[in-house]
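Take a look at the structure set out below.
Residue numbers (this note's numbering): 1 to 270.
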């Protein structure tokens, strides 16, 4: 028998095209990808200027907002968004307080551009109860940025973006509307770095998309209590043969083997 360890498995996977255990250096610019909703338009590799370090967090989002601001809401779309805002406010502050909101206030609120995200590749700073060291590639994340007001604009469905989301194994229940942008960054809470993401990475067989799929599958795993008798600790590793039972340590797995081997069946590869 063998231990199927969270830490071991994830440390063996390549998180980016260049695996590093060092905090990435700050870049003066970074590449990202534009995916138009119109399938007839080609995807583009763009570059963002990061020379002003004081605005590294906001400059990228500001650039996306400029793009989404070009697409105006229809009169019906604006009315729908105002009604949506009104309902959300009623949930949070109550219908009585919401009664004081006037039409102009709601109309002004709809003028703000908001950028939403679809997390294609999550960062995994903590695996099996162990905090990853600063610089680990597991602090790298891949994000798809969307117009958060897209449902109120006359956008078409972005089939290519949805296909890439599925390839990464990302969870999303609603359709992706309008143009999207894909970017990668490193964030360990103390250090934030915008990283390069290129057109060649937008492939289901790319290292990044494969890594994203593995991480998303990993996040769906729900550790159970240690299978060893009389142990109530949370498991951090699974039996490497059947992948069905959890153990908190190798000692617990060894002590439980005489019992577990009676029902342990090798997991077939799909």
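Beta carbons: idealized from backbone N, C-alpha and C, even for Gly.
Annotated three-state conformation of residue 30 is strand, per DSSP. Of the residues 176, 199, 121 and 73, the one whose Cα lies closest to the Cα of residue 31 is 199. Its chain contains 154 as the residues whose beta carbon lies nearer than 7 Å to that of residue 74, once the 5 sequence neighbours on both sides are disregarded; these appear in chain order.
Proximity of the region 48–56 to the region 21–36 meets the contact definition, three or more beta-carbon pairs being nearer than 8 Å. For residue 130 and residue 236, the gap between their C-alpha atoms comes out near 10 Å.
Between residue 248 and residue 264, the gap from beta carbon to beta carbon reaches 8 Å or more. DSSP places residue 45 in the uninterrupted beta strand (DSSP E) bounded by 44–49. With the rule of 3 Cβ pairs closer than 8 Å, the region 137–155 counts as touching the region 114–127. In chain order, 133, 135, 136 and 137 place their CB closer than 8 Å to the CB of residue 21, counting only its own chain and leaving out the 5 sequence neighbours on each side. Residue 239: member of the beta strand (DSSP E) spanning 237–239, first to last residue. Between residue 197 and residue 64, the C-beta gap is not smaller than 8 Å, which leaves the two residues out of contact.
Burial of residue 158 is indicated by the presence of at least 16 other C-beta atoms within 10 angstroms of its C-beta. A direct Cα-to-Cα measurement between residue 233 and residue 252 gives close to 10 Å.
Inter-segment contact for the region 164–173 and the region 200–218 is present: three or more beta-carbon pairs are separated by less than 8 Å. Taking the C-beta atoms as reference points, residue 228 is found nearer than 8 Å to residue 256.
Here residue 141 is buried: its Cβ has 16 or more other Cβ atoms, across all protein chains shown, within 10 Å.
Between the beta-carbon of residue 35 and that of residue 160 there is about 5 Å, and that keeps the pair under the 8 Å contact cut.
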